[in-house]
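Novice:
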Amino acid sequence: MKLGVIGVGNAGSKIVDSMVEFEQLTNRNLCRHVLVINTARTDLSKPDHVPDDRRILIGDTHQKAKGHGVGGDVDVGAEVAKNDLDEIRRAFDDVEIHEVDAILVAASLGGGTGSGAGPVIINELQKMYDEPVYGLGILPGKYEGGRPALNSARSLQSFVSKTDNFIAFDNDAWRSKEQSVGQGYERMNRELATRIVTLLGAGEYDEATVAENAMDSSDIIRTLDTDGISSIGYASTAVDRKEEGLMSKFRENHEISNGSSAAAKINGLVRRAVNSRLTLPCEVSSADRALIVLSGPPSELSRKGLESAREWIEAEVDTVEVLAGDDPRENATALSAVVLLSNVTKTPRIEAIQ
């Protein structure tokens with residue numbers, strides 16, 4: 373899938389920056405157009421991988437913002453975005469929309485800029501383009517205090533109603549007490565970027581690779597075509613790439629002849645992805661649709677294993693709306709499974725926020 377990616381606010385900008393970094397490290401070409409938007413000049417300088425000309429400061433002439441942020445005020449965040457819509461539209465002018473399959477807007481629902489300006493920008497994108505507009509939203513942890521919780525409660529409905537699908541990440545579920553707040557956010561950004569890029573990057577193959585079970589952007593769009601809120605599961609295992617010559621050939625022939633080892637590994641990996649921490653804890657059976665992407669060296673991929681995993685997901689989610697495909701990566705050092713659960717309805721954290 374080819375994406376236009378927009379980060380709104382400090383957290384949204386950092387997530388986009390982490391996505392671009394992971395994309396570069398794994399030789400993917402997912403984020404065709406990148407833009408970060410903020411009301412604080414200092415925060416706008418923090419991304420390391422977003423080009424300077426793809427950073428937009430809004431609200432620098434606003435009486436309450438003045439380039440220093442909106443102080444966590446949702447109403448000011450929304451007002452600033454509305455006042456600077458012309459500047460935001462101009463930033464979209466050089467986006468060749470025929471080059472992208474969808475637009476992804478990332479923001480924290482706890483901050484004033486993300487939760488206030490985010491829905492305004494999403495609404496404008498929906499007017500300008502026919503392509504799907506997805507939200508990637510961070511739910512603040514309880515430890516972040518009352519104001520972020522209130523902001524998320526106010527903005528959640530706007531994000532869900534204005535986007536074609538809202539992918540949620542719950543900070544509470546991912547907080548590690550052993551790390552500082554800053555270190556925790558960095559780790560969570562990396563975890564989220566890994567899942568999003570592995571999922572949405574499917575179908576953008578290297579020239580030398582051919583998928584046995586083809587997955588493309590239309591499969592992802594179909595799975596996300598449910599509105600509502602979605603969650604992502606992920607698991608990976610290291611691949612031993614040190615074997616060379618006759619030993620490597622023997623290993624490949626052995627797996628081709630019996631296939632049970634590779635199939636069992638894939639089936640187990642998919643189950644681990646669903647049963648470990650999801651980006652948003654939920655009851656798996658409440659999902660409307662699901663999608664599996666298996667990414668790794670072509671020699672590690674197994675049609676039998678993928679089909680077995682798909683059948684297991686069908687039983688767990690209780691739906692036949694389950695798609696599965698390969699994302700072969702010649703130079704990958706790990707075999708990864710990512711599972712998208714679309715339109716989950718039984719989500720304790722969302723219920724608590726509401």
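First residue of the sequence shown: 373, per our numbering; consecutive thereafter.
The C-beta atom is built at its ideal place from N, Cα and C for all residues, glycine as well.
1. Start and end of the alpha helix (DSSP H) containing Pro419?
2. Give the list of continuous beta strand (DSSP E) stretches no shorter than 3 residues that lie fully inside the region 627–706.
3. Among the residues of its own chain, which have a CB less than 7 Å from the CB of Leu712, if the five just before and after it don't count?
4. Apart from the five residues just before and just after Phe541, which ones in its own chain have a Cβ nearer than 8 Å to its Cβ?
5. Looking only at its chain, what residues have a beta carbon closer than 6 Å to the beta carbon of Val422, apart from the 5 residues adjacent to it on each side?
6. Output needed for Ser530: all residues of its chain with C-beta closer than 7 Å, excluding positions within five of it in sequence on either side, in chain order.
7. For Ala586, I'd like the list of residues in its chain whose CB is within less than 7 Å of its CB, leaving aside the five on either flank, ordered along the chain.
8. Taking the C-alpha atoms as reference points, what is the distance between Arg404 and Phe394?
9. Please report the residue range of the alpha helix (DSSP H) in which Thr485 lies.
10. Going by CA-CA distance only, name the one from Glu468, Asn647, Gln726, Ala636 that's closest to Leu707.
11. In the DSSP assignment, the beta strand (DSSP E) including Val408 goes from what residue to what residue?
12. Can you have a look at Asn543 and say buried or exposed, based on whether 16 or more other CB atoms are within 10 angstroms of its CB?
13. With a threshold of 16 other CB atoms inside 10 Å of the CB of Arg567, please say whether the residue is buried or exposed.
14. At the level of alpha carbons, what is the spacing between Gly379 and Ile460?
15. Roughly how many whole angstroms lie between the Cα atoms of Met391 and Ala478?
16. Which term fits Pro520, buried or exposed, when burial requires 16 or more other beta carbons within 10 angstroms of its beta carbon?
17. Using the C-alpha atoms, what's the distance from Glu451 back to Ser667?
18. When the Cα of Leu673 is compared with those of Trp684, Ala687, Glu688, Val642, which residue comes out closest?
19. Determine the DSSP secondary structure at Asp542, reduced to helix, strand or coil.
20. Count the other CB atoms, across all protein chains shown, that sit within 10 Å of the CB of Lys386; report buried if there are 16 or more and exposed otherwise.
21. Judging by CA-CA distance, which residue of Gly513, His434, Asp612, Ala645 is the nearest neighbour of Asp456?
22. Can you give me the start and stop residues for the beta strand (DSSP E) that Ala479 sits inside?
23. Give the secondary structure of Gly575 by DSSP, where H, G and I count as helix, E and B as strand, and everything else as coil.
24. So if DSSP puts Tyr506 in a beta bridge, which residue, or which two residues, is it bridged to?
25. For Tyr506, count neighbouring C-beta atoms within 10 Å of its own C-beta (all shown protein chains included) and say buried if the count is 16 or more, exposed if not.
26. Just curious, the alpha helix (DSSP H) that Thr595 is in, first and last residue?
27. How many whole angstroms separate the CB atoms of Leu695 and Ile638, which I take to be in contact at a CB cut-off of 8 Å?
28. So, is Asn382 buried or exposed, given that buried needs 16 or more other C-beta atoms within 10 angstroms?
29. On the three-state DSSP scale, how would you describe Ala709?
30. First and last residue of the beta strand (DSSP E) that includes Arg400?
31. How about Ser321 and Gly600: do their beta carbons lie closer than 7 Å?
32. Does the beta-carbon of Ile493 have 16 or more other beta-carbons within 10 angstroms, so that it is buried, or is it exposed?
33. Which residues share a DSSP beta bridge with His440?
34. Looking only at its own chain, which residues have a Cβ that is under 8 Å from the Cβ of Arg526, when we skip the five neighbours before and after it?
35. Quick check on DSSP: helix, strand or coil for Thr719?
36. Between which two residues does the beta strand (DSSP E) carrying Gly376 extend?
Specialist: By the coordinates alone:
1. Against the sequence shown, residue 419 aligns to sequence position 47. Neither: Pro419 is in no alpha helix (DSSP H) and is coded neither H nor E.
2. The qualifying runs are 661–668, 694–700.
3. Translated into the one-based positions of the sequence shown, residue 712 becomes position 340. Once the five neighbours on either side are set aside, the close Cβ partners of Leu712 are Leu571, Thr595, Ser602, Ile604, Ala662, Leu663.
4. The count along the sequence shown starts at 1 and reaches residue 541 at position 169. These residues qualify, in order along the chain: Leu508, Gly509, Ile510, Leu511, Met560, Leu564, Thr651, Leu652.
5. Start at 1 with the first residue of the sequence shown, and residue 422 comes out as number 50. For Val422, where only same-chain residues beyond five positions count, the Cβ hits under 6 Å are Asp389, Val406, Val408.
6. On the sequence shown, residue 530 is found 158 positions in, with the first residue counted as 1. Cβ neighbours of Ser530 within its own chain (closer than 7 Å, five residues either side excluded): Pro491.
7. To locate residue 586, count along the sequence shown from 1; it is residue 214. Gly697.
8. Numbered from its first residue, the sequence shown carries residue 404 at position 32. Numbered from its first residue, the sequence shown carries residue 394 at position 22. The alpha-carbon of Arg404 is positioned some 14 Å away from that of Phe394.
9. If you number the sequence shown from 1, residue 485 lands on position 113. For Thr485, the enclosing alpha helix (DSSP H) starts and ends at 484–500.
10. Working through the sequence shown from its first residue, we reach residue 707 at position 335. Of Glu468, Asn647, Gln726, Ala636, the residue nearest in Cα terms is Ala636.
11. If you number the sequence shown from 1, residue 408 lands on position 36. Unbroken beta strand (DSSP E) run through Val408: 403–410.
12. Along the sequence shown, one-based indexing puts residue 543 at 171. Its Cβ being crowded by 16 or more others within 10 Å, Asn543 is buried.
13. Residue numbering aside, residue 567 sits at position 195 when the sequence shown is read from its first letter. By the 10 Å Cβ count, Arg567 comes out buried.
14. Position 7 of the sequence shown holds residue 379. Position 88 of the sequence shown holds residue 460. The C-alpha of Gly379 lies about 12 Å from the C-alpha of Ile460.
15. Against the sequence shown, residue 391 aligns to sequence position 19. Against the sequence shown, residue 478 aligns to sequence position 106. The straight-line gap from Cα to Cα measures roughly 11 Å.
16. Sequence index remark: in the sequence shown, residue 520 carries index 148 (1-based). Burial call: buried.
17. By 1-based counting over the sequence shown, the position of residue 667 is 295. By 1-based counting over the sequence shown, the position of residue 451 is 79. Roughly 42 Å between the two C-alpha positions.
18. Here residue 673 refers to the residue found at position 301 when the sequence shown is read from its first residue. For Leu673, the nearest C-alpha among the options comes from Val642.
19. Reading the sequence shown from its first residue, position 170 is the one you call residue 542. If DSSP states are grouped into helix, strand and coil, Asp542 belongs with the strands.
20. Walking along the sequence shown from the start, residue 386 turns up at place 14. Of the residues assessed, Lys386 falls on the buried side of the cut-off, its CB having 16 or more other CB atoms within 10 angstroms.
21. For the purposes of this step, residue 456 is taken as residue 84 along the sequence shown, with counting starting at 1. When only C-alpha atoms are compared, the closest one is His434.
22. As a working mapping, residue 479 is identified with position 107 in the sequence shown. Taken as a continuous stretch (DSSP letters only), the beta strand (DSSP E) holding Ala479 covers 474–480.
23. Working through the sequence shown from its first residue, we reach residue 575 at position 203. Of the three classes helix, strand and coil, the one that applies to Gly575 here is coil, per DSSP.
24. Counting from one through the sequence shown, the residue named residue 506 turns up at place 134. For Tyr506, which the question treats as bridged, DSSP gives the partners Leu476, Asn537.
25. For the purposes of this step, residue 506 is identified with residue 134 of the sequence shown, where counting begins at 1. Burial of Tyr506 is indicated by the presence of at least 16 other C-beta atoms within 10 angstroms of its C-beta.
26. Taking the sequence shown and counting its residues from 1, the one referred to as residue 595 is at position 223. Per DSSP, Thr595 belongs to the alpha helix (DSSP H) from 589–596.
27. The residue given as residue 695 occupies position 323 in the sequence shown. The residue given as residue 638 occupies position 266 in the sequence shown. So it is not a contact: roughly 16 Å between Cβ atoms.
28. Counted from its first residue, the sequence shown places residue 382 at position 10. Asn382 counts as buried, since no fewer than 16 other beta carbons sit within 10 angstroms of its beta carbon.
29. If you number the sequence shown from 1, residue 709 lands on position 337. DSSP places Ala709 in strand when its eight states are reduced to three.
30. As a working note, residue 400 is residue 28 in the sequence shown. Judged by DSSP secondary structure, Arg400 falls outside any beta strand (DSSP E); it is assigned neither H nor E.
31. Outside the displayed span of the chain (373 to 726) sits residue 321, for which this structure offers no information.
32. As a working note, residue 493 is residue 121 in the sequence shown. With 16 or more Cβ atoms within 10 Å of its Cβ, Ile493 is classed as buried.
33. Residue mapping note: residue 440 aligns to position 68 of the sequence shown, counting from 1. Answer by DSSP bridge pairing, in chain order: Ala412.
34. Walking along the sequence shown from the start, residue 526 turns up at place 154. Excluding sequence positions up to five before and after Arg526, its CB lies within less than 8 Å of the CB of Val446, Ser487, all in the same chain and listed in chain order.
35. Translated into positions along the sequence shown, residue 719 becomes position 347. Thr719: coil per DSSP, three-state reduction.
36. By one-based count along the sequence shown, residue 376 stands at place 4. It spans 375–380 - the beta strand (DSSP E) in which Gly376 sits, taken as one unbroken run.
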